[in-house]
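Participant: Counting with our numbering, you get residues 1110 to 1181 for the letters of the sequence shown.
Think of the CB as a built atom: it goes at the ideal place given N, C-alpha and C, for glycine as much as any other residue.
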Amino acid sequence: MVTTCNKCKAQAIIFQRYSGMHLCEKHFAEDVERKVKRTMRKYSMVKKNDRIAVAVSGGKDSTVLLYLLNEI
Ligand SMILES: [Zn+2]
């Protein structure tokens, strides 16, 4: 059974239990990026001209963090 994304008609890759949403790869990535940005703003985690170091273990969490900080 193929489940489709709740935001488009693409194949869902994840079900978010807390939101009840099935999301495709694109919409899942957008959701994660939006939450990271919201959290960074909420806690004023980065200020203009800050230098940021990311300790990368090679696992998914630090790898995604490095990728998103670079994108943002
Ligand atoms: Zn989608």
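Do you know whose CA, among Q1125, L1132 and R1150, lies nearest C1117's CA?
Facilitator: Indexing the sequence shown from 1 puts residue 1117 at position 8. Looking at the Cα atoms, L1132 is the closest of the given residues.
Participant: Cα separation between H1136 and V1173?
Facilitator: To locate residue 1136, count along the sequence shown from 1; it is residue 27. To locate residue 1173, count along the sequence shown from 1; it is residue 64. Near 15 Å, if we compare the C-alpha coordinates of V1173 and H1136.
Participant: Please state whether DSSP places T1172 in a helix, a strand or coil.
Facilitator: Counting from one through the sequence shown, the residue named residue 1172 turns up at place 63. Three-state result, T1172: helix.
Participant: Taking the alpha carbon of I1181 as the point to measure from, which residue in M1154, V1165 and S1166 has its own alpha carbon closest?
Facilitator: For this step, residue 1181 is matched to residue 72 along the sequence shown. Looking at the Cα atoms, M1154 is the closest of the given residues.
Participant: Cβ atoms of L1178 and I1161: under 8 Å apart, would you say?
Facilitator: Taking the first residue of the sequence shown as 1, we reach residue 1161 at position 52. Taking the first residue of the sequence shown as 1, we reach residue 1178 at position 69. Yes, the pair counts as a contact, with Cβ atoms nearer than the cut-off.
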